[in-house]
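Visitor: Numbering (the numbering used here), first residue to last: 6 to 392. Take a look at the following structure, please.
Shown next as C-alpha cells:
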C-alpha cells in the first residue's frame, strides 16, 4: 500500500479532507499539522506537533519547541512515505531545506498553494482591474485590503515563487493567486467531506447567510449595506452574519438557509462549496473569463456594483424555485468535482510525472508582469531574478 504524508498548515480543513480522500482511494494516508485551526477543532489528525499546553504561554519556548518537533518529525519520518503533499507555504525545515533534500533524493512531493501564501495583492488587484475589468474592492476597503503588502511582503513571495519553481514543477495553484510566476502549474479540485449525519432542512422564511473569515477580504461592509437596503425596501427575509463561528455552526446554519453570499472572487471557495453541498443558492465568484476550472459552476457571479448585486439577490428572493434549482445543481457539482477521487488522481499523476501542468500563468511574459508592477524596487528584482 502506497503511503502519503499530508501537512503542514491547516487551511480551511484541506489537510483533513485530503487525508480522507487518499484513504478512500486505498492509500495509507497520514496527516500532520503544527496546530489546529480554530474553526475546525472537531477535526482529527494523525500527528499534531503543537507543544504541550504548559509550553504555549511562553512565546519563545513555544516557537523553539515547535520548530524542533517539526525538524525531528521530518528527519525521522520522511523516508517512510512514497509521496509528501505540502499545503500552504509552511515547511518542516527552515529555508525549504526539507523540499531541497527531497529534490536531491528524488523523492516525490507536491505543493498546494491556497491564496495569500503566494498571492501578492497589489499586482493581483491591478491585473484583475486593468486586464480583466474586474473590480472587487473600492475606496477604503481597497486600501485596507492592500495594507501590509509592502516591499518585504513582495520579497518573501517572490522568493517563495522562484525557489518553489526551482524545487519542483508539481505546484498546484490558481491563476488569481500565483501573480509572480511565468511557469505553468496544475489546477486542483480540493476534496470536500461533510459529516454524513448533516441534515439539510430549510427554514420557512428565506434566509441569507454570510460568514466572513476576514471582513475586509470578504467585502462584508458592502454586502451588509446592500442587504440592509433590500430590507428597507420591504423585502421579507432573514439575514445571518456568522463571525468567528466554528465550522460545525456554519454547516448547521447553511443546512437551514437558502442563499449564501460568498466573497467577490474568481471562483467559489470553501464556504461557497459547503453552501452548495447544503442546497443553498450561492452568490460569489464565477468568472470563467479569468480562471476557467469547469464550465458548469452553479454560482451567481457578483461584482462590486450595488445595483447589480441587489438585483441578483432580489431575483432569488422573489423566485424560490430558482433557489431550489441552484441548490440541486450545487449539490451535484460538489458530488462530481469535490468527492476526492479527482483530487487524488490529479496529485498522484502529477507526482508520478504522468501528465504536464495544465494551468496557464496569468502573465504571458516578464514584460507583461512588469507592466502591472508600480514600485521601482519590485520591478528591479523582477528584471534581475525572473526568467
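A virtual CB, placed ideally from N, CA and C, is assigned to each residue, including glycine. This structure is a prediction, so every number in the text was calculated from the model and none was measured.
1. Note the first and the last residue of the continuous alpha helix (DSSP H) segment covering residue 158.
2. Give me, in chain order, the residues of the same chain whose beta-carbon lies closer than 7 Å to that of residue 40; leave out the 5 immediate sequence neighbours on both sides.
3. What is the residue span of the alpha helix (DSSP H) that residue 115 lies within?
4. Could you tell me the distance, in whole angstroms, from the CA atom of residue 120 to the CA atom of residue 6?
5. Could you have a look at residue 32 and say whether DSSP puts it in helix, strand or coil?
6. Buried or exposed: which applies to residue 100, given that a residue is buried once 16 or more other Cβ atoms fall within 10 Å of its Cβ?
7. Using the Cβ count rule (16 or more neighbours within 10 Å means buried), how would you classify residue 281?
8. Excluding the 5 residues preceding and the 5 following residue 217 in the sequence, name in chain order all residues of the same chain whose CB lies nearer than 7 Å to its CB.
9. Would you tell me roughly how many angstroms separate the C-alpha atoms of residue 233 and residue 283, rounded to the nearest one?
10. Between the C-alpha atoms of residue 235 and residue 390, what's the straight-line distance to the nearest angstrom?
11. Helix, strand or coil for residue 245, going by three-state DSSP, please let me know.
12. Roughly how many angstroms separate the alpha carbons of residue 366 and residue 188, rounded to a whole number?
13. Given that a residue counts as buried once 16 or more other Cβ atoms are within 10 Å of its Cβ, and exposed if not, what is residue 294?
14. Taking all protein chains shown into account, decide if residue 65 is buried (16 or more other Cβ within 10 angstroms of its Cβ) or exposed.
15. With C-beta atoms as the reference, is residue 290 less than 8 Å away from residue 269?
16. So, under 8 Å CB-CB, residue 309 and residue 227 are touching, yes? Tell me the CB distance rounded to an integer number of Å.
17. Hey, how far is the Cα of residue 96 from the Cα of residue 18?
18. Distance, Cα to Cα, residue 116 vs residue 171?
19. Would you say residue 296 and residue 112 are within 8 Å of each other, going by their C-beta atoms?
20. May I ask which residues mark the beginning and end of the beta strand (DSSP E) holding residue 213?
21. Can you give me the start and stop residues for the beta strand (DSSP E) that residue 288 sits inside?
22. Among residues of its own chain, excluding the 5 on either side of residue 299, which ones have a beta-carbon nearer than 7 Å to its beta-carbon?
23. Touching or not, the region 40-53 and the region 10-29, by the rule of three or more beta carbon pairs under 8 Å?
24. Count the other CB atoms, across all protein chains shown, that sit within 10 Å of the CB of residue 279; report buried if there are 16 or more and exposed otherwise.
25. My output table needs one value for residue 260: the three-state DSSP class, helix, strand or coil.
26. With 16 other CB atoms within 10 Å as the buried threshold, where does residue 324 fall?
27. For the structure I just gave you, are there three or more beta carbon pairs, one from the region 340-358 and one from the region 191-201, closer than 8 Å?
28. Can at least three beta-carbon pairs, one atom from the region 303-323 and one from the region 134-151, be found at a separation below 8 Å?
29. Comparing C-alpha positions only, which one of 264, 316 and 339 sits nearest to residue 326?
30. To which residues does DSSP link residue 326 through a beta bridge?
31. So, at 7 Å on beta carbons, what are the nonlocal neighbours of residue 190 in its own chain, with the 5 sequence-adjacent residues on each side left out?
32. What's the gap between the Cα of residue 288 and the Cα of residue 206?
33. Our contact map puts residue 132 next to residue 377 with C-beta atoms below 8 Å; I'd like the distance itself, whole angstroms only.
34. Write down the C-beta distance between residue 305 and residue 317 rounded to the nearest angstrom, noting that I regard them as a contact closer than 8 Å.
Guide: On the basis of the supplied data:
1. Unbroken alpha helix (DSSP H) run through residue 158: 156-172.
2. Scanning its chain for C-beta atoms nearer than 7 Å, with the 5 sequence neighbours on each side dropped, one finds around residue 40 the residues 55, in chain order.
3. Counting along the chain, residue 115 falls outside any alpha helix (DSSP H), though it belongs to the beta strand (DSSP E) covering 113-117.
4. In a straight line, the C-alpha of residue 120 is about 32 Å away from that of residue 6.
5. Residue 32: coil per DSSP, three-state reduction.
6. Exposed, by the Cβ-count rule.
7. That one is buried.
8. Excluding sequence positions up to five before and after residue 217, its CB lies within less than 7 Å of the CB of 223, 225 and 248, all in the same chain and listed in chain order.
9. Distance between the alpha carbons of residue 233 and residue 283 is about 25 Å.
10. Per the coordinates, the alpha-carbon of residue 235 lies some 51 Å from the alpha-carbon of residue 390.
11. DSSP places residue 245 in strand when its eight states are reduced to three.
12. Roughly 6 Å between the two C-alpha positions.
13. Of the other Cβ atoms in all chains shown, fewer than 16 fall within 10 Å of the Cβ of residue 294; this residue is therefore exposed.
14. Exposed: under 16 other Cβ atoms inside 10 Å.
15. A contact, by the Cβ cut-off of 8 Å.
16. Taking the Cβ atoms as the reference, residue 309 lies roughly 7 Å from residue 227, within the contact range of under 8 Å.
17. Taking the straight line from one Cα to the other gives about 18 Å.
18. Straight across, the Cα-Cα distance linking residue 116 with residue 171 is about 12 Å.
19. For residue 296 and residue 112, no; Cβs fall outside 8 Å.
20. Unbroken beta strand (DSSP E) run through residue 213: 212-215.
21. It spans 286-289 - the beta strand (DSSP E) in which residue 288 sits, taken as one unbroken run.
22. Annotation for residue 299: 342 place their beta carbon closer than 7 Å to its own, counting only its chain and skipping 5 residues before and after.
23. By the C-beta criterion, the region 40-53 is judged to be in contact with the region 10-29, since at least 3 inter-stretch pairs fall below 8 Å.
24. Buried, because 16 or more other Cβ atoms sit within 10 Å of the Cβ of residue 279.
25. The three-state reading of DSSP puts residue 260 in coil, since its state is none of H, G, I, E or B.
26. Around the beta carbon of residue 324, fewer than 16 other beta carbons lie within 10 angstroms, which makes this residue exposed.
27. Put simply, the region 340-358 touches the region 191-201. At least three CB pairs are less than 8 Å apart.
28. Because the criterion of three Cβ pairs below 8 Å is met, the region 303-323 and the region 134-151 touch.
29. Shortest Cα-Cα distance from residue 326 to any of 264, 316 and 339 involves 264.
30. For residue 326, which the question treats as bridged, DSSP gives no partner whatsoever.
31. Contacts found: 176, 177, 178, 183, 362 and 364.
32. Distance from the CA of residue 288 to the CA of residue 206, rounded to the nearest whole angstrom, comes to 20 Å.
33. Distance from residue 132 to residue 377 at the Cβ level is roughly 5 Å; contact confirmed, criterion being Cβ atoms closer than 8 Å.
34. Right, the Cβ-Cβ distance comes to about 5 Å (below 8 Å), so this counts as a contact.
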